[in-house]
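A.B. asks: Just dropping this structure here.
Numbering (the numbering used here), first residue to last: 1 to 871.
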């Protein structure tokens, strides 16, 4: 036992004695009553917010132990506690050297960067980091590391784990006990890996479905979000009935993202929430009030702004409201480099965020520079010792409540390493229950559902046998892309569930993704009795899912064509729609006899068949229980459609949903016009904004060989003449780096499967905007163009010259003038490739934010390079 440890023990004992005499608690604040009016100089009104008792409540023994630890810790040790790097960029030795308080594994990050990492890999990694944090050999104080993970619908980063429906589906289930049980199971499967903290639940109230994180919201209804937040936190952390301790079957939870993430203008992720303080509290604060009631131990600051001010630097909301008024005694963690968006800050320095009330930086890669600069900021008085101590006190409090100081080696803890917990049959049964309770029936004309026993069923659609698509984002990988069915052992696709249920009911099924069948496929009848078509959104996460238009498959209606083809054959059509949000699907609903919203059901796809298929006796084993937790749009311009706002006119209102007992009349034909005014200004057309935006996809090719689509975060031509990789510009993976080797001709393009009519953009004098960074000087002969059908409709040599002559290493916004795009207006009625770049030379170029912008929507950018074309 070293000297620090002896002194520490004496101080703990002394602190307990003082506490028991009632002379401690100098940092406790006076309680604010609801009758007091407290308004600060900026016009905010604290009385808007509920005054609450401390949460979690203080334990005298724990507070004494914290006092003793703080008294012994150096400034360097304290600064280390408020730094959280990402697993890919930190080692156990770093944890020891820099006294780091936490690490995280971001979406898709796994031990050894192996998507198929075993449970032993997880446990061994966790144990190595824990052991390093507890190493006192060089005189450090032993403070256990806390490891955070995005387990947002089950332990979704772990191979073989149970993946539940995303929150939007759980909201449709409207089942509070179900939420509690899902929280319990999630905690157990996370604890089995040795990880002890999840960044969930998300308690956002999404108000505009263009937001790419809409599916992480339970509902547009703040009351439901409030109720769910309480149950999920209780399920994950436990109920703290007898003591302020996280039990062995539970882990630390997080309420996120504080505050207003679901209310940004136009649904832009990380954008600005323009709202009154009353609306911020009543709508977006609802989940936090309940989470605090359930003693949530951490909150995560949001990327968004409130009326122009970034939340990571918002002292009023983080400190005055959350901590002082609402009594939050846990700690506030930042989001992925979120502090760098605070004015005056950058990724490696931001005292303003700590002074505002952030307690722990989430700084994945550049954490060493941030550590050194924060140390200097404390030493130079830019961050006060009291503020640093408060942040560290909060972090230590959570670690003590979580039992981490006394837990011992990771491998010796309860549940840790229990391989049977990962994807346990009981856990999968719960997820299957959640799937069937989340399904919402919007249409059932002619009583086509449930499928009758003995039916001959054609199963079609590219989502029927696609577990990755039915699971959505945050599933093994960050975006949920790059996965195949074999990556989900123990899981069941919707197809397999349907086939099994149909067979058990004496029926017959044929799977043809494209819907093509032969009379011989169905015996004597020569045709199917019914078709079940499973289709929907591709996986996405965060801003990669942001939309500018809520029409499903805008510009490429291939799923509609499939439905209409079957309908034309006189086959009753049951549509099963996989989606992370309500979308404008009037045409698809019209082409269906029954329409079921399955949301993003996760790994237990058999839950769909539980409801859709009758048993051998003709009885439905389960009825539809799901009801819409979000209003469904009647028109394409209803991206913001909320039950409590003026002008509410949905196609299907909040809480709508049919059951087999419903007596509603058949649903008549829906209006297929998109309600756009003929003289309205065109929207921007996004080609690539953080990801390739539908109907466009990134493709590459060598010479004139077949196109190869980019599926995950990289793609290359067969001999690597061209390699495309996802890289960071402002946010994670929001740009693409294109590297031509120079050994042969290769092409990069934003390609549409179906030619797009963009002639309206020419009539509105649209420009093309993009951001480019030349990474190295080049002498390559490069061709930029827009491709219409099989020929170029706009060669852009002036653009090629401008890009290849950029100063290497610096980003440049470029505006390609309408004079470059208007050379062949007629051909722009059939654009196949919005932008194509071809060269046989060496070229290293990074691109981002490729759009067509009508002149009326073009924002002035003095720093932009404008390219004009002659002739």
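We treat Cβ as the ideally placed atom computed from N, Cα and C, and that holds for glycine.
Could you check the C-alpha separation between residue 291 and residue 285 for me, to the nearest Å?
C.D. replies: 10 angstroms
A.B. asks: I need the straight-line Cα distance from residue 734 to residue 268, nearest angstrom please.
C.D. replies: 14 angstroms
A.B. asks: What separation, rounded to the nearest whole angstrom, lies between the Cα atoms of residue 853 and residue 194?
C.D. replies: The alpha-carbon atoms of residue 853 and residue 194 are separated by roughly 49 angstroms.
A.B. asks: Do residue 953 and residue 541 have their C-beta atoms within less than 8 angstroms of each other?
C.D. replies: In the structure displayed, the chain extends from 1 to 871; residue 953 sits before or after that span and is not available.
A.B. asks: Rounded to whole angstroms, what is the Cα-Cα separation between residue 697 and residue 558?
C.D. replies: 15 angstroms
A.B. asks: Spatial neighbours of residue 589 within its chain, please: CB distance less than 8 angstroms, with the 5 preceding and 5 following residues excluded, ordered by chain position.
C.D. replies: 442, 443, 575, 595, 667, 670.
A.B. asks: Give the straight-line distance between the Cα atoms of residue 427 and residue 421, rounded to the nearest whole angstrom.
C.D. replies: 8 angstroms
A.B. asks: Using a threshold of 8 angstroms, state whether the C-beta atoms of residue 304 and residue 264 are closer than that.
C.D. replies: yes
A.B. asks: Please report how far the alpha carbon of residue 791 lies from the alpha carbon of residue 539, in whole angstroms.
C.D. replies: 32 angstroms
A.B. asks: Note the first and the last residue of the continuous alpha helix (DSSP H) segment covering residue 755.
C.D. replies: It is not in any alpha helix (DSSP H) - residue 755 instead sits in the beta strand (DSSP E) that spans 746 to 756.
A.B. asks: Quick one: using the 10 Å Cβ neighbour count with 16 as the cut-off for buried, is residue 875 buried or exposed?
C.D. replies: Any answer about residue 875 is impossible in this case: the structure gives the chain only from 1 up to 871.
A.B. asks: For residue 732, count neighbouring Cβ atoms within 10 angstroms of its own Cβ and tell me buried if that reaches 16, exposed if not.
C.D. replies: buried
A.B. asks: Drop a sphere of 10 angstroms on the beta-carbon of residue 672, count the other beta-carbons inside from all chains shown, and report buried for 16 or more, exposed for fewer.
C.D. replies: exposed
A.B. asks: Counting only the same chain and skipping the five closest in sequence on each side, list residues whose C-beta sits under 7 angstroms from that of residue 207.
C.D. replies: 220, 262, 263, 640, 642
A.B. asks: Would you mind reading off the limits of the beta strand (DSSP E) that contains residue 702?
C.D. replies: Unbroken beta strand (DSSP E) run through residue 702: 696 to 702.
A.B. asks: How far does the beta strand (DSSP E) with residue 793 in it extend, from its first residue to its last?
C.D. replies: 791 to 795
A.B. asks: Using a Cβ-Cβ cut-off of 7 angstroms (strictly less than) and excluding sequence neighbours within five positions of residue 861, which residues of its own chain qualify?
C.D. replies: Cβ-Cβ distances below 7 angstroms link residue 861 to 813 in the same chain, with the five nearest sequence neighbours on each side left out; the list follows chain order.
A.B. asks: Taking the straight line between their C-alpha atoms, what separation do you get for residue 505 and residue 615?
C.D. replies: If you take the alpha carbons of residue 505 and residue 615, they lie about 5 angstroms apart.
A.B. asks: Out of 75, 586, 600, which has the shortest C-alpha to C-alpha gap to residue 635?
C.D. replies: 586
A.B. asks: Would you kindly work out how many angstroms separate the C-alpha atoms of residue 503 and residue 101, rounded to a whole number?
C.D. replies: 55 angstroms
A.B. asks: Please report the straight-line C-alpha distance between residue 799 and residue 864, rounded to a whole angstrom.
C.D. replies: The alpha-carbon atoms of residue 799 and residue 864 are separated by roughly 13 angstroms.
A.B. asks: Please determine, among 155, 802, 658, 611, the residue with the shortest C-alpha to C-alpha distance to residue 198.
C.D. replies: 155
A.B. asks: Is there contact between the stretch 340 to 352 and the stretch 368 to 377, where contact requires at least three CB pairs shorter than 8 angstroms?
C.D. replies: The answer is yes - the stretch 368 to 377 touches the stretch 340 to 352, with three or more Cβ pairs under 8 angstroms.
A.B. asks: Any chance you could list the alpha helix (DSSP H) runs of at least 4 consecutive residues sitting entirely within the stretch 93 to 152, in chain order?
C.D. replies: Qualifying alpha helix (DSSP H) stretches, in chain order: 119 to 133.
A.B. asks: Give the DSSP-derived three-state secondary structure of residue 685 in the structure shown.
C.D. replies: strand
A.B. asks: Going by DSSP, what residue range makes up the beta strand (DSSP E) through residue 739?
C.D. replies: 735 to 741
A.B. asks: On the CB-based measure, 16 or more other CB atoms within 10 Å of its CB, does residue 603 come out buried or exposed?
C.D. replies: Answer is buried; the Cβ neighbour count reaches 16.
A.B. asks: Between the C-alpha atoms of residue 191 and residue 249, what's the straight-line distance to the nearest angstrom?
C.D. replies: 7 angstroms
A.B. asks: Measure the Cβ-Cβ separation of residue 835 and residue 750 and say whether it is below 8 angstroms.
C.D. replies: In terms of Cβ geometry, residue 835 and residue 750 form a close pair [threshold 8 angstroms].
A.B. asks: What is the rounded straight-line gap between the Cα of residue 748 and the Cα of residue 703?
C.D. replies: 11 angstroms
A.B. asks: Let's test the definition: count the other Cβ atoms within 10 Å of the Cβ of residue 676 and tell me whether it reaches 16, buried, or not, exposed.
C.D. replies: Residue confidence is low: residue 676 scores 49 on pLDDT, short of 50, so the model does not pin down where it sits. Its coordinate-derived value is still stated next. Flag for residue 676 reads exposed.
A.B. asks: Within the same chain, show all residues whose beta-carbon is closer than 6 angstroms to that of residue 37, passing over the 5 residues directly before and after it, in chain order.
C.D. replies: In this prediction, residue 37 has a pLDDT of 26, which is less than 50 and means its spatial position is unreliable; what the coordinates show is noted afterwards. Hits under 6 angstroms: 47.
A.B. asks: Return the residue from the list 186, 256, 245, 497 that minimises the CA-CA distance to residue 216.
C.D. replies: 256
A.B. asks: Going along the chain, which residues of its own chain have a beta-carbon closer than 7 angstroms to the beta-carbon of residue 785, five neighbours each way excluded?
C.D. replies: Contacts found: 792, 794, 795, 796, 836.
A.B. asks: Kindly confirm or deny that the stretch 88 to 108 and the stretch 359 to 367 touch, where touching means at least three C-beta pairs closer than 8 angstroms.
C.D. replies: yes
A.B. asks: Can you check which of these residues, 386, 818, 772, is closest to residue 759 by C-alpha distance?
C.D. replies: 818
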